[in-house]
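*Asks:* One structure, pasted below without further comment.
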Amino acid sequence: MNYFLVKTEPNVFSIDDLKKKKSEPWDGVRNYQARNIMRDHMKPGDRVLFYHSNACPPGIAGICTVASAPYPDPTQFDNKSRYFDPKSSVDNPKWILVDVAFERKFKRLIPLDELKQYPELAKMRLLQRGNRLSVMPVEKSEFKFIETLVHG
DNA sequence: GCCAACGTTGGC
DNA sequence: GCCAACGTTGGC
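Note that the working numbering has the first sequence beginning at -2, numbered continuously upward.
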């Protein structure tokens, strides 16, 4: 079992949207590091912190799980999509994603400001200065610590 | 809306 | 392969 974090802007796709849809292809990721993490490291059943970025306040909203093997992001082939990539092809797709499934919404959102206060989380990639990665690994100990912050 | 950080692009 | 220009992310 591995642990991760994904970022999303809640006005685009929130934890409530995921709850309604139950499962969702994590499309639109156009960063090689983030792609490699989905392609090479995520396995069905892995658990993923669901982070709301560009929100008031930004923070962790809940947990989802990896719900598929990696496969090509369909939006890269769709010239009507904002994620269309003319340099990619069906034969040699550039962008790979996984589906994520809703697990739970936290009873309270854990704000970024609060996360920064815990020494236990000081090494989280999310909290490193200038970090822009939208899909990243999380240590098991960090994940478990965050779960203890929300009861229910 | 600002801007720091940093990834990508493209000319050379 | 260097690096300046440009675009994007995301907190504030």
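From the three backbone atoms N, C-alpha and C, an ideal C-beta is built for every residue, glycine too.
Give me the residue from Gly25, Cys61 and Val135 with the minimum Cα distance to Ile93.
*Replies:* Locating residue 93 in the first sequence gives position 96, counting from the first residue. Of Gly25, Cys61 and Val135, the residue nearest in Cα terms is Gly25.
*Asks:* Which runs of the alpha helix (DSSP H) fall wholly inside the segment 11 to 69 and span at least 4 residues, in chain order?
*Replies:* Here the runs fully enclosed are 12 to 18 and 29 to 37.
*Asks:* State yes or no: is the C-beta of Arg32 within less than 9 Å of the C-beta of Val132?
*Replies:* The count along the first sequence starts at 1 and reaches residue 32 at position 35. The count along the first sequence starts at 1 and reaches residue 132 at position 135. The answer is yes: Cβ separation under 9 Å.
*Asks:* Check for me: the alpha helix (DSSP H) holding Glu144 runs from which residue to which?
*Replies:* In the first sequence, counting from the first residue as 1, residue 144 sits at position 147. Element bounds for Glu144: Lys137 to Leu146.
*Asks:* On the criterion of 16 or more Cβ atoms from any shown chain inside 10 Å, does Ala64 qualify as buried, or is it exposed?
*Replies:* As a first step, residue 64 is located in the first sequence; it is residue number 67 there, counting from the start. Answer is buried; the Cβ neighbour count reaches 16.
*Asks:* If you reduce the DSSP assignment to three classes, tell me which class Arg101 lands in.
*Replies:* For this step, residue 101 is matched to residue 104 along the first sequence. Of the three classes helix, strand and coil, the one that applies to Arg101 here is strand, per DSSP.
*Asks:* Heavy atom of the ligand ADP less than 8 Å from the Cβ of Pro55, yes or no?
*Replies:* Annotation note on the ligand ADP: not contained in the displayed structure, which lists no ligands.
*Asks:* If the criterion is Cβ atoms closer than 9 Å, does the pair Lys62 and Arg36 meet it?
*Replies:* Counting from one through the first sequence, the residue named residue 62 turns up at place 65. Counting from one through the first sequence, the residue named residue 36 turns up at place 39. Looking at the sequence provided, one finds Thr at residue 62 rather than Lys. Cβ distance not < 9 Å, so Thr62 and Arg36 don't count as in contact.
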